[in-house]
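Okay, so here's the structure we're looking at.
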C-alpha cells in the first residue's frame, strides 16, 4: 500500500519520511479538521523532504462552501504550491446544500495541473455519494480521501468497499480517519492501494496550565500533536 501521512508541521513531515511514508499531506490545525499551512511551513517541508508533498487547500475550518474572496485565496495558494515544487493538491468545494460544486472544483483541478489532485473529506458531507463519484471521475480528479461518510473509516468500510468495487479502476480511493496499527490491515484486505493517517501523539509543551487560556472551548493548550516516527514505522511494516 501507498502510505500517506497527514502532517501538521515540519517536524511531523520529517518524522513521516523517516518512518517510511510514501508521501505526506501537509496541513495545519488538525484539531479543526485541517486548514492550509503557512507559506513558510510549505517551503521548509518541500526543501527538507525527498518524498512527495501534497498540500491541503482549505482556507478555514467549518463547511466547504466558500465566498468569492475565499475561493480566490485558494487559487493563489495552489499557484504557490505548484511553483514551489509540491507534487499534489488536496481540496474541493461544495454547494450550500452540500452537493459537489463541480464548476469550482473543476477550476481548482485545472489550475493545479500537472500536480495530482485529491478531493478531500468534503465527500463525507455529500448526500449522493454515487453521483458525486461519477462527477469527480468526469472532472479528472485523481484521488478521493474519504472515511466512507462515517466519523471513522473503519465504520465506513461498507461504503468504502462498495465505492472501491464500483469506481476503483477510474479513481484512487484512499480511506482515512482513525486508521491505526490495530485496523490498517482491514483496509489492505479489501484491496485499497492507498491509506491515510496521522499517527499523531500528544506532546506536552507546558509543564503547567497557562494562567489564562484563550481556547477553553477548543483544545488543551498544554499539548501539541505530532506524527510519531515509531508508530508510522509500525504501520508501514504491516502493509508493505
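Numbering (our numbering), first residue to last: 188 to 427.
Where a beta carbon is used, it is the ideal one built from N, C-alpha and C, also for glycine.
These numbers were taken from a predicted model, which means no experiment stands behind them.
Note on geometry: alpha-carbon atoms of residue 191 and residue 211 lie some 5 Å from one another. Nearest to residue 372 by alpha-carbon distance, out of 358, 425, 337, 222, is 425. For residue 391, the pairing in a beta bridge is given by DSSP as 410. Residue 381 and residue 359 have their C-alpha atoms some 8 Å from each other.
Under the criterion of beta carbons closer than 8 Å, residue 336 and residue 311 qualify as touching, at roughly 5 Å. Between residue 296 and residue 273, the C-beta gap is not smaller than 9 Å, which leaves the two residues out of contact. Within the same chain, Cβ atoms closer than 6 Å to the Cβ of residue 199 are found at 413, 414, the five residues on either side in sequence being excluded.
Residue state for residue 213 is assigned as strand, using DSSP reduced to three classes. The continuous alpha helix (DSSP H) containing residue 205 extends over residues 197-205.
When DSSP states are grouped into helix, strand and coil, residue 238 belongs to the coil group.
The alpha-carbon of residue 384 is positioned some 22 Å away from that of residue 316. Boundaries around residue 325 are those of the alpha helix (DSSP H), 316-326, since no beta strand (DSSP E) includes it. The beta-bridge partner set that DSSP reports for residue 278 consists of 306. Between residue 243 and residue 307, the CB-CB gap stays under 9 Å.
Following the DSSP letters along the chain, one finds residue 291 inside the alpha helix (DSSP H) bounded by residues 289-299. Under the 10 Å beta carbon count, residue 223 is surrounded by 16 or more other beta carbons and is classified as buried. Apart from the 5 residues on each side of it in sequence, residue 216 sits with its Cβ closer than 6 Å to the Cβ of 222 in its chain, given in chain order. In terms of Cβ geometry, residue 281 and residue 252 form a close pair [threshold 9 Å]. Residue 271 places its beta carbon 9 Å or farther from that of residue 228.
Excluding residues up to 5 positions away in sequence, 236, 238 lie with their Cβ nearer than 6 Å to the Cβ of residue 204 in the same chain.
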